[in-house]
Each structure stands twice: as structure tokens, then as C-alpha cells.
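Count the sequence shown with this note's numbering and you get residues 1014 to 1184, in order. All C-beta atoms, glycine included, are put in the ideal place defined by N, C-alpha and C. All values derive from a computational prediction rather than experimental measurement. Here the structure is laid out as C-alpha cells; the discussion comes afterwards.
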Amino acid sequence: MSSKKFLRQRRKLPLACAAMALAVSGSALASSHREAPFISGQPTVDGTDFYMFRSYEAGRQDFVTAIADYIPFQDPQNAPIFAPFNQDALYEIHFDNNGDGREDLTFQFRFRNTSKGASLMVGGQNVRIPLIYSGPVSGVNPATLNRRETYTVEVVRGDRRSGTRSGRVTN
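Below is the structure:
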């Protein structure tokens, strides 16, 4: 066999392997945070991400921080709309401490939004604004804050429907 023919055949082998790999491989899809048809119409209850990590502060190494994200696509370029949590929803974070597939500890959150009905003078008329604030915000409840969102959290030990409930805390 000549060396040229050998090199040509040698080049064909990787191409054939690559073509075969492409032929048998499936397509790969990534999560868009809006993959479920039902939840896409209710973004305020669409749980997007969940983070949990052990505290790194001195003296708090036995503490765990849990963060749940809702309302997908809250990117800076989407403008500061600050979508409120759904007042009719019950947001829950469940923990299974012993690996039996059942919640041992549940944190239940309910939100409430109140509006002051703020308005601005536009063209000689007071016009109600849909924005969260109408000017600089400082302090806990400034006059420029149009919408205030508060929440209650309740801890349930055991089954989230029939377990032992601790006192409710409101921010």
C-alpha cells in the first residue's frame, strides 16, 4: 500500500467516527426556566432556582442558608418592574432531613402587597402611577414608596399539612 493511500484512509477513519457519533447522539436541551406550559402563565409562582449552603461566618458553622428564586427572566435589561410575589400563593421550602422522601421541615411564606395609590402631577392632573416608588427611597416606609410588600413565615415540623406549626412571624 502506498503512503498516500494509507494517509487518505487514515483521514477517513476520524471522519467516519465523528459522523457515526453525530448520527447516534440525541439532541441536548437546556432549561429555560419556563419549560412547563401551565406555569408559564403564572410567573410569580414559577420557582426558578434553589440555593443552599452552610454558613461560613465564625460561630455559625451549624447554620444553613436556603434561597429560593421565583419569577424568571428578572434581568437588568427588563427594566425595574419589581414583580411582586403572588398574594394568593403559598410559597414553600421543604427539607427532608433523613432521606425518606418526605418533608421533615417546611417553611411556608405568604405575601401581602399594599399600595398607597401614589400619584404624580402630569399635565396639571394627578395621575396614579403603577411604579413601586415615586422618588428617592430612604427608611422603612417613606412617603415616596408606593407599594409595600410584607410577608409571614411559618415553620411546620413533619407533614406540611398536618405537622406541628410554630408561631407565625411577619416582617
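Helix, strand or coil for residue i per DSSP?
i: G1060; result: strand
i: S1068; result: coil
i: S1053; result: helix
By the DSSP assignment, the beta strand (DSSP E) with residue i in it spans what residues?
i: L1118; result: L1118 to S1128
i: T1157; result: It is not in any beta strand (DSSP E) - T1157 carries neither H nor E in the DSSP assignment.
i: E1105; result: Y1104 to F1108
i: Q1100; result: Run containing Q1100: none; DSSP gives neither H nor E here.
i: L1133; result: S1132 to V1135
i: Q1138; result: Q1138 to R1141
i: Y1083; result: V1077 to Y1083
Drop a sphere of 10 angstroms on the beta-carbon of residue i, count the other beta-carbons inside from all chains shown, and report buried for 16 or more, exposed for fewer.
i: V1182; result: exposed
i: L1145; result: The residue you asked about is not Leu; residue 1145 is Ile in the sequence shown. Buried, by the Cβ-count rule.
i: T1165; result: exposed
i: V1169; result: buried
i: T1163; result: exposed
i: D1082; result: exposed
Please check the pair residue i and residue j, which I expect to be a contact at CB under 8 Å, by giving their CB distance rounded to whole angstroms.
i: N1110; j: D1117; result: 4 Å
i: N1159; j: S1128; result: 6 Å
Among the residues of its own chain, which have a CB less than 8 Å from the CB of residue i, if the five just before and after it don't count?
i: M1065; result: V1077, T1078, A1079 and I1080
i: R1115; result: D1109 and D1172
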